[in-house]
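Everything in the sequence shown is counted per this note's numbering, starting at 698 for the first residue and increasing by one. Have a look at the structure below, then the notes.
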Amino acid sequence: EKSSITDASYLTSEFWNDGQAEVAFYQVQRTRDQYGRENEQQFVAGTYLVKHRFSPDQMSKVTDGSGVSSFKYALFYEIESGSYQYKRNWVVNARRNDLRPYKQSFTSFDWCSNLYRELAFPPDGSVEVRKRSDDYGNRRDAFAPQANSYPPAQVPLLVRGLDFETEDTLSFKVTVAEETRHVSARAVREAIDTVDTESGPYEAERIAVRYESTVPSLIGEESASAETYWRTTEPDRRLVRMVAESGRYRMELVEHLRTPYSFLRDREANT
698 EKSSITDASY LTSEFWNDGQ AEVAFYQVQR TRDQYGRENE QQFVAGTYLV KHRFSPDQMS
758 KVTDGSGVSS FKYALFYEIE SGSYQYKRNW VVNARRNDLR PYKQSFTSFD WCSNLYRELA
818 FPPDGSVEVR KRSDDYGNRR DAFAPQANSY PPAQVPLLVR GLDFETEDTL SFKVTVAEET
878 RHVSARAVRE AIDTVDTESG PYEAERIAVR YESTVPSLIG EESASAETYW RTTEPDRRLV
938 RMVAESGRYR MELVEHLRTP YSFLRDREAN T
């Protein structure tokens, strides 16, 4: 297993230094609902990606010039099911130059409870697990870290940052808090395709990711055993499509833009 599987030249490119955030929206389709029942669902998921400074000691963003240059990636969506409304939001912070994970947080709202989950990767020591909920119990746990292991919500960002310059197959792991273990995974760059989306056609690398066992999924609740991602050959390597091998869930780019980060912060403060 390579000591580093990410492309430092891409991650540290001047492209990310424009003070703007990447915002993208995806059309999601899945054949099972949030309970795992057979039920066709469609909704729009939003994502944003921005560079900022993060303190691994405080496990929080800092604005005083200290901390480490990092990426913040988020995916969020809202669905209605029957008379109930559900909201999901994942946020990941990772070191900019190699995507070493610092923290994954997850919040959800449903008809009966708020839920918060956290997976933290301190610079030294164990991976830390926290869970707080009104109805679903509370939890604190810890387990040993492993090299090249990333939280589930970071996989889309990791796929963009993978370095296939010298080989087409890369191995990594997915950190699964619920089972306090690291699931082995493999990414293979298969081909370059033309992908037609609602936002236009893209030339994109097709990357297949296979998991040794299922892991939590941002849009599928539980992942399939394999997923295929398409990242563009453009400098930003934006994700334009992801499809579960089983066909159970998929998402495709609808809209993509870059916007001043200050505008995004203002919107967050007012929502």
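By construction, the Cβ of each residue, glycine as well, lies at the ideal position given by its N, Cα and C atoms.
inquiry  = Taking DSSP's pairing of strands, which residues face Trp927 in a bridge?
reply    = Arg903 and Arg938
query = Which of the three DSSP states, helix, strand or coil, is assigned to Arg727?
reply = strand
Exposed unless 16 or more other CB atoms sit within 10 angstroms - verdict on Arg836 = exposed
query = Starting from Val812 and walking both ways along the beta strand (DSSP E), at which residues does that stretch end?
reply = Correcting the residue type first, residue 812 is Leu in the shown sequence and not Val. That run of the beta strand (DSSP E) goes Asn811 to Ala817.
ask   = Quick one: what does DSSP say Leu855 is sitting in, helix, strand or coil?
value = helix
Nonlocal neighbours in the same chain, by C-beta distance under 7 Å from Arg727, ignoring five residues either side = Gln738, Ile916, Gly917, Arg945 and Tyr946
query = Roughly how far, in whole angstroms, is the beta-carbon of Val880 from the beta-carbon of Tyr908, given that I think they are within contact range, below 8 Å?
reply = 6 Å
message = Tell me whether the segment 799 to 816 and the segment 833 to 848 touch, counting them as touching only if at least three CB pairs, one residue from each stretch, are closer than 8 Å.
response = yes
request  = Could you pull out every residue in the same chain whose Cβ sits closer than 8 Å to the Cβ of Arg903, ignoring the five residues on either side in sequence?
outcome  = Arg886, Glu887, Ala888, Ile889, Asp890, Thr925, Tyr926 and Trp927
message = I'd like to know if the segment 753 to 770 and the segment 782 to 789 are in contact, where contact means that at least 3 CB-CB pairs between them fall below 8 Å.
response = yes
key: Sequence-distant residues of the same chain with beta carbon closer than 6 Å to Glu942, five excluded per side   = Ala921 and Ala923
inquiry  = Let me check one thing: in DSSP terms, what residues is Leu867 bridge-paired to?
reply    = Ala884
key: Phe712 in three-state terms, based on DSSP   = helix
key: Where Val706 falls: helix, strand or coil (DSSP)   = Reading off the sequence shown, one finds Ser at residue 706, where the question assumed Val. DSSP places Ser706 in helix when its eight states are reduced to three.
request  = Give the DSSP bridge partners of Ala718, in chain order.
outcome  = Thr956
ask   = What does Ser787 pair with, by DSSP beta-bridge criteria?
value = Checking the sequence shown, residue 787 turns out to be Trp, not Ser. BP columns for Trp787 point to Leu772 and Phe803.
key: Cutoff 6 Å; reference Tyr745; Cβ partners in own chain excluding five residues on either side   = Ala718, Val720 and Ala771
Limits of the beta strand (DSSP E) - the one that Gly944 falls within = It is not in any beta strand (DSSP E) - Gly944 carries neither H nor E in the DSSP assignment.
query = In whole angstroms, what separates the C-alpha of Gln851 from that of Glu919?
reply = 15 Å
Span separating the alpha-carbon of Tyr833 from that of Glu876 = 16 Å
key: C-alpha gap between Ser701 and Glu777, whole angstroms   = 41 Å
task = Report the option in Ala901, Val906, Pro898 and Thr760 whose CA atom is closest to the CA atom of Thr866.
result = Val906
key: Close Cβ partners of Ala874 (< 6 Å) along its chain, the five nearest in sequence each way excluded   = Leu816 and Val826
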